[in-house]
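The numbering of the sequence shown is the working numbering, which starts it at 405 and goes up by one. First comes the structure, then the notes that go with it.
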Amino acid sequence: MSPHATSRTSEPPTDFVFGEVAFLSEYCDHWEHANADGVCITFIDYLASREGVRDEVTFAEMAVWTRALAARIAERIQPGDRVAIMAPQRTEYVAGFTAALRTNAVGVPLFAPDLPGQADRLAAVTADCLPAVVLTTSDKRQLVEDFLAAQNLADPPEVLEIDAFRTGHEELAASYHAPDDRSLDDIAYLQYTSGSTRTPAGVALSHRNLTINCFQLRDASGLNFGGATLVSWLPLFHDMGLLIGCAVPVLGGVHGIMLDPVAFILKPLRWLQAMNGERNVVTAAPNFAFDYVAKRVKPEQRAELDLSGVTSWVNGAEPILPATLERFNAAFAECGVPSNALRPSYGLAEATVFVATTPLGEDPTILLVDSTELQRGVVSTEVPEGVTPIQLVSCGKPVGQDVAITDPETREQLEEGLVGEVWVNGENVGQGYWGKDDETRALFHARLENPGQLPATGWLRTEDLGTIIDGRLYITGRIKDLIIIDGRNIYPHDIEFTVEEAHEGIAQRRLASFSAPTEHGEALVVVAERYRHSADAGSRLEEIASAAREAVSLDHSVALHDFVLVEPDTISRTSSGKIARKATRTAYLAGTLSRTPTS
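As structure tokens, then:
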């Protein structure tokens, strides 16, 4: 599975038909002529200035820049070689990824070696994909070269500076020739998963996968190619960040406004300011970000925001909490944000990224379900008196693809309202995991037994648990995270939400729940970080643990065997910021957790 490339000059592609599935590079060249002076990418640099310095690249500049860089890359690779992008989140990253996809190489969107806490991950991924060329920026080159030297690779890659090709290379750009024999089904890039339940794996995604998923996002969001704005602070090396921050602007001819994730974390108002007064805006973020801005943006700051032009706030990548939707609505309704602009969604790297979302113009659907029945794998909205209900937020409906809820043992579709494994089928589903044939066979190209009106083959097993009711998808958890105690299915995020609300000394969104072996069988354990402003939490440990146990027993009718309070920022997380429950469980069993002192 290797991509191939074709001859393109600055003339518009002659065999290209707008609106049909084509290469990212062909759409890039189309917009060079259809909207030459329009802005393709704006990066707001808050490192250069607290007010933000804007770096803008037009569609014409992006096309010439990426052709020049692609011509240089092509001189240094063989078909199927990997080209890794180890650059900071700036306009150079977008150019580097686009240039890599112009060649017959396989792009690998990564990050610069100075990203905090990710050195081991970068080393593992580099060893897995073995790039022939690494693209970076002039200010990060030494860091990249030092990192590569430390890897002791048998065939060290050549390092190219993306920014060196931005201007002054028109002749080189004109010399660019893309191979004639490339196919839309060749691998375009490897999207490495965040690794919340397994070692990061490179999902092999084709040119067709990428373009189809961009179209699916367009259709779901009412996005007008050539006349809209996308705003993102999501990391470009993650699936949704790459699609919204890079691929859709280049392919769709829309204006992409980009921030660095750190700029958002330090001052979340910046995300909203980037959308202030803009029209036809689509943005996306994980659930925590909506909570974060609701809490951190002050009333006087909200009073200066006009967010009425944001048509879609895509919420995905982690469990979606009804309380978050309510807080965000309450905080920003005065800024022109209607409740039906919030779009709970579902996706995963193995399906490029986007799978389902709340239909345009509809409010999010929230069900109150019987928690006892849910533990048995049944979603029932008939909640008996005395039973604590659980709220499930719908991720909406699939767009341009099929979703089935299946029994993972029989591989048959389950009845509506029963919890099973979520399977996805569509042209956005990737080809498999790079160099991992066994895992590819296990999860990709699955066969659905007795499919009825659905396809029988070509299914992706997501390892997510969920159900479909009235055509709407509800995600209940991950198969590998599921806690089974006394034959009951316990969902870790439900336990974690209960515990974080139990006491002020517990940090929010910084907990991991799992089962651990005891002499009486598997038992429930919760590891929680201390709220960083609760300095006396150690002396109140019994009080905090008691509150956690009482809340879990009351809400879930299960005993909390052990509660461990640890210091801030010590629970393992993935590169996308998700809690790594498996790694936390390993540390718990090994006794290596950084427990909060009791004195």
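Note that the Cβ used here is the ideal one computed from N, Cα and C, for glycine as well.
{"Check": "DSSP three-state assignment for D518, whether helix, strand or coil", "Outcome": "coil"}
{"Check": "Contact the segment 662 to 671 vs the segment 636 to 654: 3+ CB pairs below 8 Å", "Outcome": "yes"}
{"Check": "Where K801 sits in the DSSP three-state scheme", "Outcome": "strand"}
{"Check": "Spatial neighbours of E933 in its chain, beta-carbon cut-off 6 Å, leaving aside the 5 residues before and after", "Outcome": "A911, R914, V970, P972 and I975"}
{"Check": "Alpha helix (DSSP H) segment containing S950, residue limits", "Outcome": "L945 to H960"}
{"Check": "Stretch pair the segment 680 to 697 + the segment 473 to 481: three plus CB contacts closer than 8 Å", "Outcome": "no"}
{"Check": "Per-residue DSSP class, three states only, for A939", "Outcome": "coil"}
{"Check": "Cα-Cα separation, V833 to L621", "Outcome": "14 Å"}
{"Check": "Through-space distance from T495 to D590, alpha-carbon basis", "Outcome": "26 Å"}
{"Check": "P672 (DSSP reduced to helix, strand or coil)", "Outcome": "coil"}
{"Check": "Simplified DSSP assignment, three categories, for W863", "Outcome": "strand"}
{"Check": "Terminal residues of the beta strand (DSSP E) in which S610 lies", "Outcome": "G606 to S610"}
{"Check": "Cα-Cα separation between T413 and H581, rounded to whole angstroms", "Outcome": "With a pLDDT of only 43 at T413, under the threshold of 50, the placement of this residue in the model should not be trusted, and no figure is reported."}
{"Check": "Residue environment, V931, which counts as buried when at least 16 other CB atoms sit within 10 Å", "Outcome": "buried"}
{"Check": "Where T495 sits in the DSSP three-state scheme", "Outcome": "helix"}
{"Check": "Residue burial classification, P575 (beta-carbon count within 10 angstroms, cutoff 16)", "Outcome": "Looking at the sequence itself, residue 575 is Glu, so the reference to Pro does not match. Exposed, because fewer than 16 other Cβ atoms sit within 10 Å of the Cβ of E575."}
{"Check": "The segment 783 to 800 contacting the segment 814 to 833, beta-carbon criterion three pairs below 8 Å", "Outcome": "yes"}
{"Check": "Spatial neighbours of A592 in its chain, beta-carbon cut-off 8 Å, leaving aside the 5 residues before and after", "Outcome": "P407, L428, L505, V510, G511, L609, S610, H611, N613 and L614"}
{"Check": "Reference T728, options E704, P768, G751 and I481, closest by Cα", "Outcome": "P768"}
{"Check": "Among E816, L928 and E905, nearest to L725 - alpha-carbon criterion", "Outcome": "E905"}
{"Check": "Helix, strand or coil at V468 according to DSSP, with G and I counted as helix", "Outcome": "helix"}
{"Check": "Exposure label - F918; buried when at least 16 CB within 10 Å", "Outcome": "buried"}
{"Check": "Residue range of the beta strand (DSSP E) that includes R876", "Outcome": "R876 to R882"}
{"Check": "Burial state of T1002, where buried means 16 or more other Cβ atoms lie within 10 Å", "Outcome": "exposed"}
{"Check": "Below-8 Å beta-carbon distance, P492 vs any chain B residue", "Outcome": "In the structure shown, chain B cannot be found, because there is only a single protein chain."}
{"Check": "The segment 743 to 758 in contact with the segment 853 to 868 per 3-pair CB rule at 8 Å", "Outcome": "yes"}
{"Check": "Beta bridge counterpart(s) of I887 as assigned by DSSP", "Outcome": "I894"}
{"Check": "Buried or exposed (CB count within 10 angstroms, at least 16 for buried), A558", "Outcome": "exposed"}
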